[in-house]
Amino acid sequence: MKKIQNLIDKYLDGRITPSEEKELMAWYNRQNNTIIEWPSESPDEEEQIRMRTLRHLQQQIAFSKKSEKTSRSVWYRIAAAASIIITFSIGGYFAFHKSSNTEANKVAVKPLVNDIAPGSNKAILTLANGAKVVLAQSQNGLLLKQGSALVNKTGNGNLVYTASTVASNTAVVYNTLNIPYGGQYKVTLQDGTQVWLNAGSSLRYPTAFTGNERNVELSGEAYFEVAKNKDKPFIVSVHTASNIPMNVKVLGTHFNIMAYADEDYNATTLLEGSVKVDYGAENALLTPGRQAMLIKASGKLKTKIADTEQVIAWKNGYFLFDNDKIESIMRKISRWYDVEVAYKGDVSRKAIGGSVSRFKNVSEVLKMLELTGAVHFKIEGRRILVMP
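The numbering of the sequence shown is our numbering, which starts it at 17 and goes up by one.
This is the structure in structure tokens:
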């Protein structure tokens, strides 16, 4: 096992030789009885899938070293984990040995007649006077002027605010970007800060920042890349069930906030720089790779090491589950595919790990979840029935 661990480490570090890579793939095939193939839409995506899979195997080997006594149970745990992550990662294609053991049969997941397409770039912009602009129905280019800022819509699901060259004495006005279920959108604020908004989210912000602070309000989930300005801190206010606001204060950094009303906690995860999270009398100062969690039931704020890849998987275009409860997974699917989810039977003890593109039809995602053997699904219009 130590040799395999070394081979995985060398692959992830970019030091593996062609012969060593061949040995690593052969080892996996022997343990899992499955041919590894990496079909994808692009070479970059293929390499991302390969890296995620090998990182997962690396973690499983390390875990097994600590917790397992016999070599047989070690190999079983690693092979089982590998089977799930590979099945999810290859995006709808599954390869198994034929009885002759000479080549692989590829089985594609076929879309259903009543299939549901994934979400897309769509949002509703609410202006200072209350008027609403459906961005999916708006042409690209200059949309309008709000306060002292010009609002432009680009062709890639991005709203951009820039300072107007025309002098204006207009008071600061606010816009709100609402993302419906089945949508996502990116907005570049007037100071250059970029915000990616996930389905079922909204962001309220001034069209231009004045004064000593840059304040915005978030509900749902968003990833922020804040433009640096040491003289004007950037503050994200998040509404909580207790009506005590949670404030995330930064000068310039990259972080993700998940604050959906139907989740058990709010989470602020730092990828770069530093942030301070305030909630009532409690506060937390985060360093990169750490997460502050506000537990709703207790009202307590705690910090932990975060899986940053999993946290921002939605922003990078895929689902990434790591022993997640099925209810949590289905809430993500409900928001992204704009579907209702119902349960028949008890699935509360079911947990799944794996990765799949967010741009597959829902039937493909559900089929991959079913292959774990934990759950079964039935699509009824825009309703998904979950069964053990």
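Note that beta-carbon positions come from the ideal geometry of N, C-alpha and C, so glycine has one too. Quick caveat: nothing in here was measured; it's all calculated off a predicted structure.
In the displayed model, V293 falls within a strand according to three-state DSSP. For T285, the uninterrupted beta strand (DSSP E) run begins and ends at 281 to 288, by DSSP.
Under the three-state reduction of DSSP output, E229 falls in the coil class, being neither helix nor strand. Shown here, Y359 sits in a strand according to DSSP, grouped into three states. Scanning its chain for C-beta atoms nearer than 6 Å, with the 5 sequence neighbours on each side dropped, one finds around G208 the residues A243, in chain order. In its chain, beyond the 5 residues on either side, L175, L193, V211 have a beta carbon closer than 6 Å to the beta carbon of V203. Sorting F335, R347, T388 by C-alpha distance to the C-alpha of K376 places F335 at the top.
Between R374 and A215, the C-beta gap is not smaller than 7 Å, which leaves the two residues out of contact. Assignment of Q206 by DSSP, reduced to helix, strand and coil, places it in the coil class.
In this model, K292 and V232 are separated by some 15 Å (Cα to Cα). The residues N272, T285, in chain order, have a CB closer than 6 Å to that of V327 in the same chain once the five nearest residues on each side in sequence are set aside. Nearest C-alpha to S217 among P196, Y239, E396, A224: P196.
In the structure shown, the three-state DSSP call for R347 is helix. Under DSSP, Y177 forms a beta bridge with V167. With 16 or more neighbouring CB atoms inside 10 Å of its own CB, T223 falls in the buried class.
Q307: member of the beta strand (DSSP E) spanning 306 to 311, first to last residue. If you check the CB distance, G369 and F337 come in under 7 Å. Beta bridge pairing from DSSP links F335 with V372. Residue A133 holds the alpha-carbon nearest to the alpha-carbon of L382 among T170, L267, A133, N259. About 7 Å separates the Cβ atoms of E237 and A275, confirming a contact at the 8 Å cut-off. In this chain, the alpha helix (DSSP H) harbouring T324 covers 324 to 327. DSSP, reduced to helix, strand and coil, places I342 within a helical segment of the structure shown. For S35, the secondary structure class from DSSP, reduced to helix, strand or coil, is helix. Assignment of K383 by DSSP, reduced to helix, strand and coil, places it in the helix class. For G157, the enclosing beta strand (DSSP E) starts and ends at 157 to 162. A distance below 7 Å separates the beta carbons of V378 and Y353. For the 7 Å CB-CB criterion, L141 and V149 form a contact. Per DSSP, the unbroken beta strand (DSSP E) holding H392 starts and ends at 392 to 396.
When the beta-carbon positions are compared, G146 and Q200 stay at least 7 Å from each other.
For Y197, no beta strand (DSSP E) encloses it, and the DSSP letter there is neither H nor E. Nearest Cα to G163 within the set V189, Y177, W43: V189. For V378, the three-state secondary structure derived from DSSP is helix. When secondary structure is reduced to three states using DSSP, I24 falls in the helix class. DSSP, reduced to helix, strand and coil, places L219 within a strand of the structure shown.
In this structure, the beta-carbon distance from Y239 to Q206 does not fall below 7 Å.
Distance between E386 and E288, taken at the CA atoms: about 36 Å.
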